[in-house]
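As structure tokens, the structure follows; a few thoughts come after it.
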Amino acid sequence: MTELLKHGETTLIGHEELQKLLDQALAEYGVPGAQVGVIAPDGDGLSADTVWAGIVNKTTGYPVLKNTLFQIGSISKIWTTVLAMQLIDEGRLSLDTRVKDVLPDFRVINSPEITYGCTIRHLMCHINGIEGDAFPATLGRGDDCVAKYVDYIGKFPARTPLGGPLSYSNGAFVVLGRVIEVLRGASWDTVLRKRIAEPCGFDHVWTLPEDVLRYSSAFGHFRAVALDKEVFPAPVEPAKLWHLPRCTGPCGQVSSSIGDLLDFASLFLNGGVTPNGTHVMSERAVKLMTTQQVSLVDQGIENVGWALGWQLPNWGSEPAFGHGGATEGQRANIVVFPKHRIIIAVLTNADAGTQMAAALTRDIASRAGIASPPKVTLSDRHLSDDEIVNIVGVYERHGEHQEYRAGGPTGVEGVFEPDEDDGPCGVRLTLPLYATEQGHYAVQRPDRHEPTEIEFVSASDGTKYVAYGHRVTPKIA
452 MTELLKHGET
462 TLIGHEELQK
472 LLDQALAEYG
482 VPGAQVGVIA
492 PDGDGLSADT
502 VWAGIVNKTT
512 GYPVLKNTLF
522 QIGSISKIWT
532 TVLAMQLIDE
542 GRLSLDTRVK
552 DVLPDFRVIN
562 SPEITYGCTI
572 RHLMCHINGI
582 EGDAFPATLG
592 RGDDCVAKYV
602 DYIGKFPART
612 PLGGPLSYSN
622 GAFVVLGRVI
632 EVLRGASWDT
642 VLRKRIAEPC
652 GFDHVWTLPE
662 DVLRYSSAFG
672 HFRAVALDKE
682 VFPAPVEPAK
692 LWHLPRCTGP
702 CGQVSSSIGD
712 LLDFASLFLN
722 GGVTPNGTHV
732 MSERAVKLMT
742 TQQVSLVDQG
752 IENVGWALGW
762 QLPNWGSEPA
772 FGHGGATEGQ
782 RANIVVFPKH
792 RIIIAVLTNA
802 DAGTQMAAAL
812 TRDIASRAGI
822 ASPPKVTLSD
832 RHLSDDEIVN
842 IVGVYERHGE
852 HQEYRAGGPT
862 GVEGVFEPDE
872 DDGPCGVRLT
882 LPLYATEQGH
892 YAVQRPDRHE
902 PTEIEFVSAS
912 DGTKYVAYGH
922 RVTPKIA
């Protein structure tokens, strides 16, 4: 722990002030417990500070500790990408290696293009067309569950053509995990322990519940008020499940303390080296992972693009890379500002943690002179007839159904069915679709402070999609 984190010759934030920020945020957002960590420059090196507060579980009331493990959700994809980049460093894999060259049985049932053309690069930056949101609980907990998942996910039709539009895919990262398993001859969980956690001294990084539960560990919570009610902060109740099936490990099953997560992320500021001196991967691999591969200018203003694994969030002119995570009532976020050599990470145990993490990150970053990300601003204009004709219709894929119909104050209303991330209080929402001042579209959900961006995009084959949370859903009627 460092009492004062520096930014140049000035103090970025003191330990007591960071603790106060967290305490206030828990009360403001109704989150039971959380950890916050910050890395900042210290001479030629880096200094870190972490704070924690609240309880791990509303049922037990046990306190969050310094080394409590939280589920980091999709930030796990960065760990999986690093494991693949190690193989690339060794010359055993390349970004242009076809998946089928490593996994001969890989296929997507209705797409020879994806079956025979999908590469490691396509997997890492979500332009692969593989179904992204299927989480079967029927594949068991054996070491073969990831292999079974690859067969399972191949039975779903392609979500997009190979190469885009970008559509966030958990399934693709399980496929990447299987590539790693085959080339290393061990389960993804074992490879992560042997290739990252153990050599780096990450004693509080685990993937299996039987390991996580040996430590203080957070339990997720969901909002206990229907999502169509404007209640801030909303009361919460413990989630019904603690974790997702083991087969989803490579896309989202790492649990970590805030300290070990910071130390892992610091390798991206230190040329692939962690604080204990372990060379995890090459400087070239670090540069590749943080270089834009896909532009997202057609999907709103939240992110400018995607690198390998990492999102490239929009902080105006400030370079940044980061990722969020969402599991059963736990939310996580991490952002790296390479020019300032600053990392900000937040781990929480409630669905409101997404908004809380965003607010804390903006506050801490502002102290380094980093301007807040541009905000989505709703326009009061009525949508044009051409826009209405283009948008109105039914959009559907596995686990997602949206309908846009003419009417309402802006000319179009969206009807949204609840999904898994909404928890037990998810309800159907009918919301006006607004144009935004930034030239896109958005809705204002009653349970969120900020608007949620929505965009309508087309693939090279002419298929129309709605993009929501960087997941695209095809127009079927």
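Add 451 to a position in the sequence shown, counting from 1, and you land on the number used in our numbering.
For every residue, glycine included, the Cβ atom is placed at its ideal position computed from N, Cα and C.
Given a threshold of 16 other Cβ atoms within 10 Å of its Cβ, counted over all protein chains shown, does residue i qualify as buried or as exposed?
i, result
"residue 873", "buried"
"residue 452", "With a pLDDT of 47 at residue 452, under the threshold of 50, the modelled position of that residue is not reliable, and no figure is offered here."
"residue 796", "buried"
"residue 610", "buried"
"residue 689", "buried"
"residue 632", "buried"
"residue 802", "buried"
"residue 649", "exposed"
"residue 887", "buried"
"residue 898", "buried"
"residue 805", "buried"
"residue 717", "buried"
"residue 735", "exposed"
"residue 884", "buried"
"residue 640", "buried"
"residue 699", "buried"
"residue 701", "buried"
Do you know how far the Cα of residue j is from the Cα of residue i?
i, j, result
"residue 683", "residue 676", "10 Å"
"residue 486", "residue 562", "43 Å"
"residue 819", "residue 576", "30 Å"
"residue 808", "residue 794", "13 Å"
"residue 927", "residue 778", "29 Å"
"residue 871", "residue 621", "14 Å"
"residue 489", "residue 877", "33 Å"
"residue 844", "residue 868", "15 Å"
"residue 572", "residue 510", "43 Å"
"residue 848", "residue 924", "6 Å"
"residue 834", "residue 909", "19 Å"
"residue 492", "residue 791", "8 Å"
"residue 512", "residue 505", "9 Å"
"residue 759", "residue 628", "14 Å"
"residue 922", "residue 613", "15 Å"
"residue 495", "residue 720", "12 Å"
"residue 540", "residue 553", "17 Å"
"residue 466", "residue 503", "11 Å"
"residue 770", "residue 755", "10 Å"
"residue 644", "residue 484", "27 Å"
"residue 482", "residue 691", "17 Å"
"residue 583", "residue 651", "31 Å"
Return the residue from the list the options that minimises the CA-CA distance to residue i.
i, options, result
"residue 567", "548, 663, 575 and 484", "548"
"residue 497", "456, 691, 473 and 858", "456"
"residue 660", "696, 654 and 688", "696"
"residue 623", "638, 718, 636 and 607", "607"
"residue 786", "588, 728 and 741", "741"
"residue 570", "587, 545 and 592", "545"
"residue 831", "468, 598 and 892", "892"
"residue 1005", "711, 766, 535 and 651", "Residue 1005 lies beyond the residue range present for the chain, which begins at 452 and ends at 928; the question has no answer from this structure."
"residue 586", "762, 594 and 599", "599"
"residue 903", "912, 828 and 557", "828"
"residue 470", "863, 913, 815 and 896", "815"
"residue 890", "906, 508, 703 and 507", "906"
"residue 464", "475, 501 and 483", "501"
"residue 680", "784, 861, 641 and 896", "896"
"residue 531", "574, 557 and 503", "574"
"residue 824", "565, 636 and 751", "751"
"residue 507", "826, 799, 912 and 885", "799"
"residue 712", "866, 478 and 783", "783"
"residue 670", "551, 603, 780 and 757", "780"
"residue 862", "875, 653 and 882", "882"
Cβ of residue i versus every heavy atom of the ligand HEM: is any distance shorter than 7 Å?
i, result
"residue 782", "Ligands are entirely absent from the displayed structure, and the ligand HEM is therefore not among its contents."
Does the region 520-528 come close enough to the region 849-860 that 3 or more CB-CB pairs lie under 8 Å?
-> Fewer than three beta-carbon pairs drawn from the region 849-860 and the region 520-528 are found closer than 8 Å, and the two stretches are therefore not classed as touching.
Inspect the CB distances between the region 507-526 and the region 720-730 and report whether three or more fall short of 8 Å.
-> No, the region 507-526 does not touch the region 720-730.
Alpha helix (DSSP H) segments (min. 4 residues) lying fully within the region 604-649 = Secondary structure remark: continuous alpha helix (DSSP H) runs of at least 4 residues inside the region 604-649, in chain order: 621-635 and 639-643.
Which ranges does the beta strand (DSSP E) cover as unbroken runs of at least 3 residues, wholly within the region 683-756, from first to last along the chain?
-> Taking only runs of at least 3 residues, the beta strand (DSSP E) segments lying wholly in the region 683-756 are 687-689.
Alpha helix (DSSP H) segments (min. 4 residues) lying fully within the region 524-559 = Runs of the alpha helix (DSSP H) inside the region 524-559: 527-540 and 550-553.
Quick one: any contact between the region 613-633 and the region 575-592, if contact means 3 or more CB pairs under 8 Å?
-> Contact check between the region 613-633 and the region 575-592: three or more CB pairs, one atom from each, fall below 8 Å, which counts as touching.
In chain order, which continuous runs of the alpha helix (DSSP H) of length 4 or greater are located wholly inside the region 803-867?
-> For the region 803-867, whole alpha helix (DSSP H) runs of length 4 or above, ordered along the chain, are 804-817 and 836-842.
Quick check: the region 802-817 against the region 827-840, are there 3 or more CB pairs under 8 Å?
-> With a cut-off of 8 Å, the region 827-840 and the region 802-817 do not count as touching, because too few Cβ pairs lie within range.
Pairing CB atoms from the region 701-719 with CB atoms from the region 645-663, are three or more of them under 8 Å?
-> Cβ pair count under 8 Å is three or more, so yes.
What are the start and end residues of each continuous beta strand (DSSP E) run of 3 or more residues lying completely inside the region 645-676, in chain order?
-> Those beta strand (DSSP E) runs which fall completely within the region 645-676 and span 3+ residues are 672-674.
Can you check the region 460-520 for any alpha helix (DSSP H) of at least 4 residues that lies completely inside it and give the ranges in chain order?
-> As far as the region 460-520 is concerned, its whole alpha helix (DSSP H) runs of at least 4 residues are 466-480.
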